[in-house]
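Visitor: Those protein sequence lines, which keep their order, are chains P and U. Be aware that the first sequence starts at 6, since it is given in our numbering, and climbs by one per residue. Be aware that the second sequence starts at 542, since it is given in our numbering, and climbs by one per residue.
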Amino acid sequence: MTLDVSIGKLRLKNPLILASGILGSYSSSLNIISKYAGAVVTKSVSFEKREGYKNPVVINWKHGLLNAVGLANMSAKDFSNELKKFNKACPLIVSIYGYSAEDISNLTALFPMADAFEINLSCPHVKGLGADIAEDQELVKDILAETKKKTRKPVFAKIPYSKNIIELGKIAEECKIDGVVAINTIKGLRIDIKSRKPVLSNIFGGVSGEAIKPMALKCVWDLYEEIKIPIIGVGGITTYEDVIEFILAGASAVQIGSAFFYSYKIIKSIKESLESFTRVYGPISELIGAAHRV
Amino acid sequence: MYSLRVVKVLKHNPSISTIYFSNEIPSYPGQFIMLNVFNYEEIPLSLSSQNSVTVKVRGETTKVLANIPTGSLVGVRGPFGRGFTLTSKHSLIVAGGIGIAPLLYLYICLKKINSNVLVLYGAKTREDIIFKNILKNDVIVATEDGSEGFQGTVVDLLLEINNIEKFDKIYCCGPEGMLKRVYKVLRDKNLLKKSEFSLERYIKCGIGICGTCVLKNGKRVCKDGPVFNASELAEEFED
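(1) Provide the residue(s) that pair with residue 7 of chain P in DSSP beta bridges, ordered along the chain.
(2) By Cβ distance below 6 Å, which residues in the same chain neighbour residue 569 of chain U in space, the five residues on each side in sequence not counted?
(3) Are the beta-carbon atoms of residue 276 of chain P and residue 15 of chain P separated by less than 7 Å?
(4) Measure the Cβ-Cβ separation of residue 688 of chain U and residue 722 of chain U and say whether it is below 7 Å.
(5) With a threshold of 7 Å between beta-carbons, can residue 153 of chain P be considered close to chain U, or not?
(6) Beta-carbon separation of residue 628 of chain U and residue 656 of chain U under 7 Å?
(7) Of all the options P:155, P:201, P:251, P:48, which has the alpha carbon lying nearest to the alpha carbon of residue 107 of chain P?
(8) Does the beta carbon of residue 149 of chain P come closer than 7 Å to any beta carbon on chain U?
(9) Of all Cβ atoms in chain P, is any one closer than 7 Å to the Cβ of residue 719 of chain U?
(10) Please state if the CB of residue 745 of chain U and the CB of residue 777 of chain U are separated by a distance shorter than 7 Å.
(11) Once DSSP output is grouped into helix, strand and coil, what is the label at residue 201 of chain P?
(12) Tell me which residue opens and which closes the alpha helix (DSSP H) that residue 245 of chain P is part of.
(13) When DSSP builds the beta bridges, which residues end up paired with residue 547 of chain U?
(14) Examine the Cβ distances between the region 710 to 726 of chain U and the region 691 to 698 of chain U and report whether three or more of them are shorter than 8 Å.
(15) Along the alpha helix (DSSP H) that carries residue 99 of chain P, what are the first and last residues, could you check?
(16) Would you call the CB atoms of residue 160 of chain P and residue 168 of chain P closer than 7 Å?
(17) Can you pull the chain U residues whose beta carbon is under 7 Å from the beta carbon of residue 31 of chain P, in chain order?
(18) Residue range of the alpha helix (DSSP H) that residue 653 of chain U falls in?
(19) Measuring CA to CA, which of P:151, P:131, P:233, P:241 is closest to residue 55 of chain P?
(20) Please identify, using Cβ separations under 7 Å, the residues of the region 189 to 213 of chain P that lie next to chain U, in order along the chain.
(21) What residues match up with residue 213 of chain P in a beta bridge as DSSP calls it?
(22) Flag this pair as yes or no: are the beta carbons of residue 207 of chain P and residue 127 of chain P separated by less than 7 Å?
(23) So, helix, strand or coil for residue 224 of chain P, using DSSP?
(24) Where do the N-terminal and C-terminal ends of the alpha helix (DSSP H) with residue 296 of chain P fall, by residue?
(25) How do the region 759 to 771 of chain U and the region 612 to 623 of chain U stand: do at least 3 beta-carbon pairs fall below 8 Å, yes or no?
(26) Does residue 61 of chain P have its Cβ less than 7 Å from a Cβ in chain U?
(27) Strictly under 7 Å for the Cβ-Cβ distance: is residue 34 of chain P near chain U by that measure?
(28) For residue 19 of chain P, which three-state DSSP category applies?
(29) Taking the alpha carbon of residue 543 of chain U as the point to measure from, which residue in P:268, P:197, P:120, P:23 has its own alpha carbon closest?
(30) Beta-carbon of residue 746 of chain U versus every beta-carbon of chain P: anything under 7 Å?
(31) The beta strand (DSSP E) with residue 81 of chain P in it runs from where to where?
(32) Please go through the region 113 to 191 of chain P and give each complete beta strand (DSSP E) segment of 3 or more residues, from N-terminal end onward.
(33) Do the CB positions of residue 81 of chain P and residue 28 of chain P come within less than 7 Å of each other?
(34) By DSSP, does residue 722 of chain U sit in helix, in strand, or in coil?
(35) What do you reckon, are the CB atoms on residue 642 of chain U and residue 595 of chain U nearer than 7 Å?
(36) When you compare only the Cα positions, how much space is there between residue 186 of chain P and residue 192 of chain P?
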């Protein structure tokens, strides 16, 4: 079929993956989205339950969203029980995070229902986690290597918009990671001028949505030039044209998150448009990285 | 997000207050706002009118809000969510405790379009029964301790009403246990399709994307609700 893509061992019926943090904390919402998506990524989870930050944690603005949810999750054990109810209509990618190689890699054993894992090395608004960890390349190597040892399932690394993004991509490739996911949200903030206060309780958060699409595209482009492992592009995709841009830049698949603000059925709509597009221009798989070719 | 000033705080009793804002919020009954009590937390509150919310003290933020000085600024996001469907014919409102809040806004709107409204309103004790001056003769009160009106819960009272099939719309809001019981009464009488429930869940983003408030059927309370047609709620209330 024209929308089929594969990312290593993972075969997807289309290149549209639900991004982590969007409608992914319970099976009930994942089960609706899984009907149309190529795959779904869950909300990021750690061993212990985490409260996350106090509200306000998410706002919408003219060109996307701004969030500092603060990595809120139920315990890995509870989340695993919750995910037992997943309907398996598409592959399930469980997003995992933690402070150490041991913490993160040990999570894989708790999710037998996962078809793959995505390691969160890129959340920009929690101290000591996510993007902070990505600053320590030795630690990143440990985390990726340990996780690959502990599971046979595909492991992806979600990396941040940062000046070391290429180095991180190369480390992932060295550690035989099955693909990199680029990018996460980019640091930003808003201020309410009447109350004269930052809008988010954490003061700053991660910007997502159409505002960050050009930056995300640049990252995918650069990674495609430098590494051979698959790239999953994410950042501001709201239309089928955006999807094609990312594929041409070098992505084998894409993730969609903020666009759910516009419609719960956004993946279904984009999928239908892509089907029409491929009827004229040929299968998606043949377009991967085509913008790089002479 | 924008800011509004508090112009009046009506303390109904030590634990329930209605906070009035400087401006009307263009909205529909059943919708809610995310209200930011600066230096505390942003919480979801159903609008009890175009320019008010009615809050019951449950924790730190609600305690501060229930006693907030007039002139204070509060942050507002919204209004959010799907509201009630109005009718100009016969309507039945079933309110449990603080569930009266969104139902008061609904009541005001129904009266404006000349609907024939009957309100069944139950609470633990007479102190918790508020807005009597607005509901006037349209309300039948129930108190669990019998300190006012019918003795029993509002569900007990509902079972005493004859021919609830004659109502064109039935609206309900209150604690989860009460909603479940009312659901079963309506189901047994085949009245789910003409009934609407306003649900409450823990809310983070309020705009339908974080997934914190999803029901067992995957619908989002903040965006697909908080008002739902009762026929959509089988997964939630059936055992």
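Virtual Cβ for every residue (Gly too), placed ideally from N, Cα, C.
Guide: By the coordinates alone:
(1) None; residue 7 of chain P has no bridge partner.
(2) Excluding sequence neighbours, residue 569 of chain U sits near 624.
(3) Cβ atoms of residue 276 of chain P and residue 15 of chain P: not closer than 7 Å.
(4) Contact: no.
(5) Judged by the 7 Å Cβ criterion, residue 153 of chain P is not in contact with chain U.
(6) Yes. Within cutoff.
(7) With respect to the C-alpha of residue 107 of chain P, the residue from P:155, P:201, P:251, P:48 having the closest C-alpha is P:155.
(8) It does not: the Cβ of residue 149 of chain P has no partner Cβ on chain U nearer than 7 Å.
(9) Chain P, which has no Cβ nearer than 7 Å to the Cβ of residue 719 of chain U, makes this no.
(10) No, Cβ-Cβ distance for residue 777 of chain U and residue 745 of chain U is not below 7 Å.
(11) Coil.
(12) Looking at the DSSP string, the run of the alpha helix (DSSP H) that includes residue 245 of chain P is 245 to 254.
(13) Beta bridge pairing from DSSP links residue 547 of chain U with U:562.
(14) Yes: the two stretches touch, three or more of their Cβ pairs being nearer than 8 Å.
(15) No alpha helix (DSSP H) contains residue 99 of chain P, which is instead part of the beta strand (DSSP E) from 97 to 101.
(16) Going by C-beta atoms, residue 160 of chain P is not nearer than 7 Å to residue 168 of chain P.
(17) For residue 31 of chain P, the neighbours in chain U by C-beta distance under 7 Å run, in chain order, 752, 755.
(18) Counted as a single uninterrupted DSSP element, the alpha helix (DSSP H) harbouring residue 653 of chain U occupies residues 641 to 653.
(19) Nearest Cα to residue 55 of chain P within the set P:151, P:131, P:233, P:241: P:131.
(20) Within the region 189 to 213 of chain P, the qualifying residues are 197, 199, 200, 202, 204.
(21) Its beta-bridge partners are P:70.
(22) No, they are not a contact pair.
(23) DSSP, reduced to helix, strand and coil, places residue 224 of chain P within a helical segment of the structure shown.
(24) Counting along the chain, residue 296 of chain P sits inside no alpha helix (DSSP H), nor does DSSP assign it H or E at all.
(25) The region 759 to 771 of chain U makes contact with the region 612 to 623 of chain U; the number of CB pairs closer than 8 Å reaches 3 or more.
(26) Proximity of residue 61 of chain P to chain U, defined by a Cβ-Cβ separation below 7 Å, is satisfied.
(27) Under the Cβ criterion of 7 Å, residue 34 of chain P is counted among the residues facing chain U.
(28) Three-state DSSP puts residue 19 of chain P in coil, outside helix and strand.
(29) Answer by Cα proximity: P:197.
(30) For residue 746 of chain U, the answer is yes, since a Cβ of chain P falls inside 7 Å of its Cβ.
(31) Counting along the chain, residue 81 of chain P falls outside any beta strand (DSSP E), though it belongs to the alpha helix (DSSP H) covering 81 to 88.
(32) 121 to 125, 160 to 164, 184 to 187, all fully within the region 113 to 191 of chain P.
(33) Contact flag unset, no.
(34) The answer is helix: DSSP assigns residue 722 of chain U an H, G or I state.
(35) Yes, Cβ-Cβ distance for residue 642 of chain U and residue 595 of chain U is below 7 Å.
(36) For residue 186 of chain P and residue 192 of chain P, the distance between alpha carbons rounds to 18 Å.
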